[in-house]
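Colleague: I'd like to ask you about the structure that follows.
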Amino acid sequence: MRSATAEPANTGNPVMRVLRKIRLPLDDPFAVVGLLIYAVFFLVAIFADQLATHDPLEILFDKDYQLAADLRPLEDGFVLGTTSLGRDIYSQLIYGSRSALLIGLTAAFMVAVIGTVVGLLSGYFGGWIDILLMRAADIAFGIPFLPFVIVLAAFLEPSIWNVVLAMALILWRDTGRVIRSQVLTLRTRAYIDAARVSGSSDLKIVFRHIAPNILPLSFLYGSIAIGWAILTEAAISFLGFGDPETISWGYMLQDAYASQALSQGGYYWFVPPGICIVLVVVAGFFISRGYEEILFPKLKE
Amino acid sequence: MKKLLRTALLLAGATMATQAFAEGDKIREIKITTRPQAAQPQEFQFVQLIAQEWRKLGLDVKVDVMPWEQMADLVWYNRDKWDTTGWQMVGRPERSDPDELIYNLFHSSTAPKGYNFIGYSNPELDATVEAQRIETDPEKRQELLYKAQSILAEDQPNLMLVHPKSTFAFDKNVWDPATVVDQGGIGIKNTWSFISMEPLGEQKDIILNSSDNIQGINPLWISGGTDSWITELIWDRLLRIGPDGLPKPWAAESYNWIDEKTIEVVLRDGMMWHDGKPVTADDVKFSFEAAMGDEVPMYKPFVSNIESITTDGNKITFKLVNPTAAFLTASLAKLNIIPKHIWEPVLADLATKEDNAEDYQETTPIGSGPYKFVSWTTNEEVVLEANKDHFSPPKAERWILRIVPNTEAAIGMLRSGEINFLADFSGDPKILLDLVEQDGDLEVVSTIDMGFRYVAFNNRRPPFNDPEFRKALSYAINRDLIVGAAFRGFAVKSNSVISPALGFWHNEGVNDFKTGTDVAKSHLEKAGYTVKGGALHYPDGVKETLAE
Amino acid sequence: MLWAVATILFLMFRLMPSNPLAAYIDPTFTVEQQAALMAKFGLDRPLWEQYFIYLWNLLQGELGDSFFYRQPVGTRVLELLPNTLILTFSSLIIAYTFGIIVGAWLAWKRDTFAERAAIPLVLTTRALPEFWLGMLLLALFSFTLGWFPAGGTRSPGSEYASYFALYTSRDFLSHLVLPAMTLAIYSQGLPLLLMRSNMLEVMNEDFVTMARIKGLSSWTVVVRHAARNALLPVMTSFAIAVGYQIQGNVVVETVFSWPGLGRELVNAVSASDYPLAQGAFLMIAVVVVLMNLLADLLYTLLDPRISHA
Numbered sequence: 010m011r012s013a014t015a016e017p018a019n020t021g022n023p024v025m026r027v028l029r030k031i032r033l034p035l036d037d038p039f040a041v042v043g044l045l046i047y048a049v050f051f052l053v054a055i056f057a058d059q060l061a062t063h064d065p066l067e068i069l070f071d072k073d074y075q076l077a078a079d080l081r082p083l084e085d086g087f088v089l090g091t092t093s094l095g096r097d098i099y100s101q102l103i104y105g106s107r108s109a110l111l112i113g114l115t116a117a118f119m120v121a122v123i124g125t126v127v128g129l130l131s132g133y134f135g136g137w138i139d140i141l142l143m144r145a146a147d148i149a150f151g152i153p154f155l156p157f158v159i160v161l162a163a164f165l166e167p168s169i170w171n172v173v174l175a176m177a178l179i180l181w182r183d184t185g186r187v188i189r190s191q192v193l194t195l196r197t198r199a200y201i202d203a204a205r206v207s208g209s210s211d212l213k214i215v216f217r218h219i220a221p222n223i224l225p226l227s228f229l230y231g232s233i234a235i236g237w238a239i240l241t242e243a244a245i246s247f248l249g250f251g252d253p254e255t256i257s258w259g260y261m262l263q264d265a266y267a268s269q270a271l272s273q274g275g276y277y278w279f280v281p282p283g284i285c286i287v288l289v290v291v292a293g294f295f296i297s298r299g300y301e302e303i304l305f306p307k308l309k310e
Numbered sequence: 007m008k009k010l011l012r013t014a015l016l017l018a019g020a021t022m023a024t025q026a027f028a029e030g031d032k033i034r035e036i037k038i039t040t041r042p043q044a045a046q047p048q049e050f051q052f053v054q055l056i057a058q059e060w061r062k063l064g065l066d067v068k069v070d071v072m073p074w075e076q077m078a079d080l081v082w083y084n085r086d087k088w089d090t091t092g093w094q095m096v097g098r099p100e101r102s103d104p105d106e107l108i109y110n111l112f113h114s115s116t117a118p119k120g121y122n123f124i125g126y127s128n129p130e131l132d133a134t135v136e137a138q139r140i141e142t143d144p145e146k147r148q149e150l151l152y153k154a155q156s157i158l159a160e161d162q163p164n165l166m167l168v169h170p171k172s173t174f175a176f177d178k179n180v181w182d183p184a185t186v187v188d189q190g191g192i193g194i195k196n197t198w199s200f201i202s203m204e205p206l207g208e209q210k211d212i213i214l215n216s217s218d219n220i221q222g223i224n225p226l227w228i229s230g231g232t233d234s235w236i237t238e239l240i241w242d243r244l245l246r247i248g249p250d251g252l253p254k255p256w257a258a259e260s261y262n263w264i265d266e267k268t269i270e271v272v273l274r275d276g277m278m279w280h281d282g283k284p285v286t287a288d289d290v291k292f293s294f295e296a297a298m299g300d301e302v303p304m305y306k307p308f309v310s311n312i313e314s315i316t317t318d319g320n321k322i323t324f325k326l327v328n329p330t331a332a333f334l335t336a337s338l339a340k341l342n343i344i345p346k347h348i349w350e351p352v353l354a355d356l357a358t359k360e361d362n363a364e365d366y367q368e369t370t371p372i373g374s375g376p377y378k379f380v381s382w383t384t385n386e387e388v389v390l391e392a393n394k395d396h397f398s399p400p401k402a403e404r405w406i407l408r409i410v411p412n413t414e415a416a417i418g419m420l421r422s423g424e425i426n427f428l429a430d431f432s433g434d435p436k437i438l439l440d441l442v443e444q445d446g447d448l449e450v451v452s453t454i455d456m457g458f459r460y461v462a463f464n465n466r467r468p469p470f471n472d473p474e475f476r477k478a479l480s481y482a483i484n485r486d487l488i489v490g491a492a493f494r495g496f497a498v499k500s501n502s503v504i505s506p507a508l509g510f511w512h513n514e515g516v517n518d519f520k521t522g523t524d525v526a527k528s529h530l531e532k533a534g535y536t537v538k539g540g541a542l543h544y545p546d547g548v549k550e551t552l553a554e
Numbered sequence: 006m007l008w009a010v011a012t013i014l015f016l017m018f019r020l021m022p023s024n025p026l027a028a029y030i031d032p033t034f035t036v037e038q039q040a041a042l043m044a045k046f047g048l049d050r051p052l053w054e055q056y057f058i059y060l061w062n063l064l065q066g067e068l069g070d071s072f073f074y075r076q077p078v079g080t081r082v083l084e085l086l087p088n089t090l091i092l093t094f095s096s097l098i099i100a101y102t103f104g105i106i107v108g109a110w111l112a113w114k115r116d117t118f119a120e121r122a123a124i125p126l127v128l129t130t131r132a133l134p135e136f137w138l139g140m141l142l143l144a145l146f147s148f149t150l151g152w153f154p155a156g157g158t159r160s161p162g163s164e165y166a167s168y169f170a171l172y173t174s175r176d177f178l179s180h181l182v183l184p185a186m187t188l189a190i191y192s193q194g195l196p197l198l199l200m201r202s203n204m205l206e207v208m209n210e211d212f213v214t215m216a217r218i219k220g221l222s223s224w225t226v227v228v229r230h231a232a233r234n235a236l237l238p239v240m241t242s243f244a245i246a247v248g249y250q251i252q253g254n255v256v257v258e259t260v261f262s263w264p265g266l267g268r269e270l271v272n273a274v275s276a277s278d279y280p281l282a283q284g285a286f287l288m289i290a291v292v293v294v295l296m297n298l299l300a301d302l303l304y305t306l307l308d309p310r311i312s313h314a
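Line order of the protein sequences matches chains V, Z and F.
So the mapping is simple: my numbering equals the position in the first sequence, first residue as 1, plus 9.
So the mapping is simple: my numbering equals the position in the second sequence, first residue as 1, plus 6.
So the mapping is simple: my numbering equals the position in the third sequence, first residue as 1, plus 5.
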């Protein structure tokens, strides 16, 4: 009873508490740039239907029923020209932001959540749980990531989710280890002991007292994972294991490559998706740096 | 007015009407499979186009993209599980005889396990292709083959699309263009070119590219496509398919039909194996008998018609089980002649093991052909050198095959001179032509292929068991569009498995038909198919039995 | 450890849906021949039996025969391993040399315009898709400028007396430049950032301040004292970087036609050649595991605060 009444006054509602703990790194200019880039791509993804001029997968024809293929930018009103199959590059670029954010954010979410849970359980409970989970992490460290994705993608149906699945299966390892060691230090703090003495259950201690303190760390790894996911998807598409029915920037690069856009001087086709990938990934890195400076302020000095 | 009438009818005796004319079911979702764009850009493109055209007829079409291994597994081993698929038959010298394609692809006996994976069956066609097989008079055989092509055009078991043009390029400052041989249905990448190409300057090595790795260099194993470029150069055959598509004496000095089941071959004098030993009639006999044994499964079908082989000096006599028109092309021009002194102990040893000749790789392959083996670096290159003692010695000094998985890089290498013969190009031929304009050193040669690209219908599964439905789907596709869009003009329209490249056998009469969405729609209507709510339905009384 | 990786691999490959023999479709194959092939590769036995045969063979260093090439997997994989290792190490050595020097320099130049501009630039290099970067370098330095060959490890038909002669030849090195540069541009970010942050840490410590008071020039301080101390943790990261790099080689090997393990893996996977894919994967995994171990070891040796319980 007592704690239930005391809580709102002390800490605000849980959502606010979490938000405050995440601490968006707004004082770091890089991080702000990163967030801005995200904001732009988010808007593009949301309003893709309005921004795109064509269906990205539709094969377009001109008036004489000839394929509208390999048009240069601005020719016949196509902003960035068309692909060798007569598809609008600009619209593909716009819709590509959806896949990128979808893959990036879900992969980041999976990595952060799995890694955090593993780290928490392992660090707080120790004993056989710890041994078991850390063994599993060791094994995950022994599996080469990209080859693993290739094998996975080859025997599942081609889909952008393969990358997410592979990341969920493997890349929690880094997050898990770091969070575990953070939990180990937190565990010894006085207020945890106090909570334990006052009769809080393990679960409550973990989620009320420890978890919020490691959230920025989870976010740090999450924001790096966004980049990894997008880069991995691009590499998998490039190697021909991607999903040709989903437009992603990786798919576009692969399409351009398979159609020898370079030999044709089709820079308008080959360069923009690459730049988009770089921008989104770099935005993730900028934000993660913002977190680093919050977490390890001595670097800033 | 019609509508009103129908409503009235319905009101009057709805139950009776529906019992008498049960309306056809909606046709289920139709799947069309293709290989990924990275592997097969043209197939991927034409499948996308075809799907888009079929949708205009009211069909629900799903494009299923899968790698070759999965697609082959589905189409080949699960013959009743697929609807339609993009497919390809490649041109090979031994396919210069029309028998292999027209018989194997459509004779009903090959439907359960063989090449007739579409399950086509027509007794009239069976009889016709059986007859042409044993007809040795060319004129009469031509007539039979024309008839077979007409039957197929009428039944449309497949949606034939195009005979692509094989496009290759070489550096004309390095090689004298007059000495490059354009083989009908194959293109300039062929053994004749590699023998006759004459260097103009310092560079005397033919350096060519392949995007596939080498599987093996083995005269008794038909492995990957690239491997055969090498085996054709290291080993000789009794006959070789000439640039005109007809078999020519090669290691044989001459051949002579004694009667319709006996043929006598005279072996050329003075041939040597690359290790210096002479090539004898005994080696030839051994080569064919090896294939007749149990250790060389892939060549076995090509010698199954041989009853016995006898030698006398440098004469070899083959006695056949049945007369066959294709023996010269399919057997004598197919089998590699191998040295008995090397392979006899190897085959004897293999006979005691589970392995067969396909598992055996010589460290230094020994043949008698125009090129000798020098080295093979895994996934990087194979080097051969000219056999100057050969009866037809190459003008080049070495033949070097580079493995280049990246097409862009292959083009770059051609321009920089790292390769001087572009022998494997899966991309857009237009790019090559543009290159020629920028870079005057290159010459590009396109040749109509004897292979072809098509969409196979699974003739076992409704609605594809209905020839009228197949025809409508076929008529829906404007072939000019496919030629232009998927092949960039580097193909010719096709409605026959016998390519125009095989001019004598090709029936030009089957190529004339109208296409377009309207043609297809009216054809469907005539056959009783209806469109309701934008979706195509079966003719009255026909149920969908395969819906999931 | 490797046992676990091997088991996961086995399960992954055997549970693949496609028929492993589909790659060998040929009109001439009879049903009996197919059955014989299945028997030959042991595919007709129950899964658990296949698994024990596989483990037993692995223990003896026997990786089986490739379906596709009909050759022992071990031979092929060992032939390609040096190419991959050379590419990996040479690119990392370039990356670390560059990263350490520039990292130290940036720490010294802290809060200047150069440093502010350099950091986002470094982060950007880590965000480049490697194959895209490779293609751009290929287009620029090979196709357009013609400075370097476009692919392979040596000129067509060139022969060398020994591997040593090959790997030290001008020919080989000029083929190595572009792929190694691509990987190096991607991987220099890690040592660079690590070096910089370690330097910043060390430069605040007493002995550096002491040195400065003694009147040594600041660059001397940086090099003599700070850099030396900051260097050790960067060097330990090298081992881990090898593990990461070797798996990322896959795409770069494809772009530059480099005959290495990564490309072999991609080919084998596409061809459903399980034994070969397993072999290539395991070989990469072995390198990764060894390098992780080495990193752990170095870490323990160099940092006495960590003890292994």
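Cβ coordinates follow ideal geometry from the N, Cα and C atoms, glycine included.
Taking the alpha carbon of Z/L107 as the point to measure from, which residue in Z/L508, Z/K549, Z/N517 and Z/V525 has its own alpha carbon closest?
Modeller: Residue 107 of chain Z sits at position 101 when you count from the first residue of the second sequence. The option with the nearest alpha carbon to Z/L107 is Z/L508.
Colleague: F/L63 versus chain V: which residues are under 9 Å apart at the beta carbon?
Modeller: Here residue 63 of chain F refers to the residue found at position 58 when the third sequence is read from its first residue. Ordered by position in chain V, no residue passes the 9 Å Cβ test against F/L63, which lies about 15 Å from the chain.
Colleague: In chain V, what lies closer than 7 Å to Z/I437 by C-beta?
Modeller: Counting from 1 along the second sequence, the entry for residue 437 of chain Z is found at position 431. Near Z/I437 (Cβ distances below 7 Å), the residues of chain V are Q269, S272 and Q273.
Colleague: Let me make sure I understand the geometry here. Which of Z/R466, Z/K346, Z/Q48 and Z/E295 has the alpha-carbon closest to that of Z/K306?
Modeller: Sequence index remark: in the second sequence, residue 306 of chain Z carries index 300 (1-based). Z/K306 has its Cα closest to that of Z/E295, out of Z/R466, Z/K346, Z/Q48 and Z/E295.
Colleague: My parser needs the alpha helix (DSSP H) runs of 4 or more residues fully inside the stretch 215-263 of chain Z; what are they?
Modeller: Counting only runs of 4 or more, we get 231-240.
Colleague: When you compare each of F/P196, F/Y172, F/T149 and F/S167 to F/R159 by their alpha carbons, which one comes out closest?
Modeller: The sequence position of residue 159 of chain F within the third sequence is 154, counting from 1. The candidate whose alpha carbon is nearest that of F/R159 is F/Y172.
Colleague: Report, in whole angstroms, the separation of the C-beta atoms of F/D278 and F/S147, which I expect to be a contact under 8 Å.
Modeller: Position 273 of the third sequence, counted from the start, is the residue given in the question as residue 278 of chain F. Position 142 of the third sequence, counted from the start, is the residue given in the question as residue 147 of chain F. Contact doesn't hold; Cβ gap of about 31 Å is too wide.
Colleague: Does chain Z have any CB closer than 9 Å to the CB of F/N272?
Modeller: Taking the third sequence and counting its residues from 1, one reaches residue 272 of chain F at position 267. Yes, F/N272 counts as interfacial toward chain Z.
Colleague: For the 8 Å Cβ check, are there 3 or more pairs between the stretch 239-251 of chain F and the stretch 365-383 of chain Z?
Modeller: Taking 8 Å as the limit for Cβ pairs, the verdict is that the stretch 365-383 of chain Z does not touch the stretch 239-251 of chain F.
Colleague: For V/I68, which residues in chain Z fall below 9 Å Cβ to Cβ?
Modeller: The count along the first sequence starts at 1 and reaches residue 68 of chain V at position 59. Q51, Q54, L55, Q58 and A491, listed in chain order.
Colleague: DSSP on Z/L487, reduced to helix/strand/coil?
Modeller: Residue numbering aside, residue 487 of chain Z sits at position 481 when the second sequence is read from its first letter. Helix at Z/L487.
Colleague: Is there at least one Cβ from chain Z nearer than 9 Å to F/Q193's Cβ?
Modeller: What you label residue 193 of chain F is simply residue 188 of the third sequence in a count that begins at 1. Output row for F/Q193: interface = no.
Colleague: Apply the 10 Å Cβ neighbour rule to V/Q263 and answer buried if 16 or more other Cβ atoms are within range, or exposed otherwise.
Modeller: As a working note, residue 263 of chain V is residue 254 in the first sequence. Buried, since its Cβ has 16 or more Cβ neighbours within 10 Å.
Colleague: I need the DSSP call for V/R182, collapsed to helix, strand or coil.
Modeller: Counting from one through the first sequence, the residue named residue 182 of chain V turns up at place 173. Reduced to three states, the DSSP call for V/R182 is helix.
Colleague: Does F/E135 come within less than 9 Å of chain V when only Cβ atoms are used?
Modeller: Locating residue 135 of chain F in the third sequence gives position 130, where the first residue counts as 1. Interface residue, yes.
Colleague: Do Z/I56 and Z/D89 have their C-beta atoms closer together than 9 Å?
Modeller: Start at 1 with the first residue of the second sequence, and residue 56 of chain Z comes out as number 50. Start at 1 with the first residue of the second sequence, and residue 89 of chain Z comes out as number 83. In this structure, Z/D89 does not lie closer than 9 Å to Z/I56 by Cβ.
Colleague: Within the same chain, show all residues whose beta-carbon is closer than 6 Å to that of V/N171, passing over the 5 residues directly before and after it, in chain order.
Modeller: Stepping through the first sequence from its first residue, residue 171 of chain V is reached at position 162. Cβ neighbours of V/N171 beyond the five flanking positions: L161, A162 and L165.
Colleague: Hey, is the stretch 50-69 of chain Z in contact with the stretch 534-552 of chain Z, meaning 3+ C-beta pairs nearer than 8 Å?
Modeller: Short answer: they touch.
Colleague: Compare the Cα-Cα distances from Z/A332 to each of Z/D355, Z/A28, Z/L245 and Z/N196 and report the closest residue.
Modeller: Position 326 of the second sequence, counting from 1, holds the residue named residue 332 of chain Z. Among Z/D355, Z/A28, Z/L245 and Z/N196, the Cα nearest to that of Z/A332 is on Z/L245.
Colleague: Can you list the residues of chain V that Z/V168 reaches, using a CB-CB cut of under 7 Å?
Modeller: Here residue 168 of chain Z refers to the residue found at position 162 of the second sequence. Going along chain V, no residue has its Cβ under 7 Å from Z/V168, so there is no contact; the nearest lies around 15 Å.
Colleague: Pick helix, strand or coil for V/G2, following the three-state DSSP scheme.
Modeller: Residue 2 of chain V lies beyond the residue range present for chain V, which begins at 10 and ends at 310; the question has no answer from this structure.
Colleague: Buried or exposed for Z/E443, going by 16 or more other Cβ atoms inside 10 Å?
Modeller: Counting from 1 along the second sequence, the entry for residue 443 of chain Z is found at position 437. Result: exposed.
Colleague: How many angstroms separate the CA atom of Z/A117 from the CA atom of V/L94?
Modeller: Sequence index remark: in the second sequence, residue 117 of chain Z carries index 111 (1-based). Sequence index remark: in the first sequence, residue 94 of chain V carries index 85 (1-based). When rounded, the distance between both Cα atoms is 35 Å.
Colleague: Answer yes or no: does any C-beta atom of chain V fall closer than 9 Å to that of Z/L413?
Modeller: Counting from 1 along the second sequence, the entry for residue 413 of chain Z is found at position 407. Contrary to the premise, residue 413 of chain Z reads as Thr rather than Leu in this sequence. Judged by the 9 Å Cβ criterion, Z/T413 is in contact with chain V.
Colleague: Express the C-alpha separation of Z/R85 and Z/S480 in angstroms, rounding to a whole number.
Modeller: The count along the second sequence starts at 1 and reaches residue 480 of chain Z at position 474. The count along the second sequence starts at 1 and reaches residue 85 of chain Z at position 79. Those two C-alpha atoms are separated by around 21 Å.
Colleague: Flag this pair as touching only if the stretch 460-473 of chain Z and the stretch 253-269 of chain Z have three or more C-beta atom pairs under 8 Å; answer yes or no.
Modeller: Flag = no, the stretch 460-473 of chain Z and the stretch 253-269 of chain Z do not touch.
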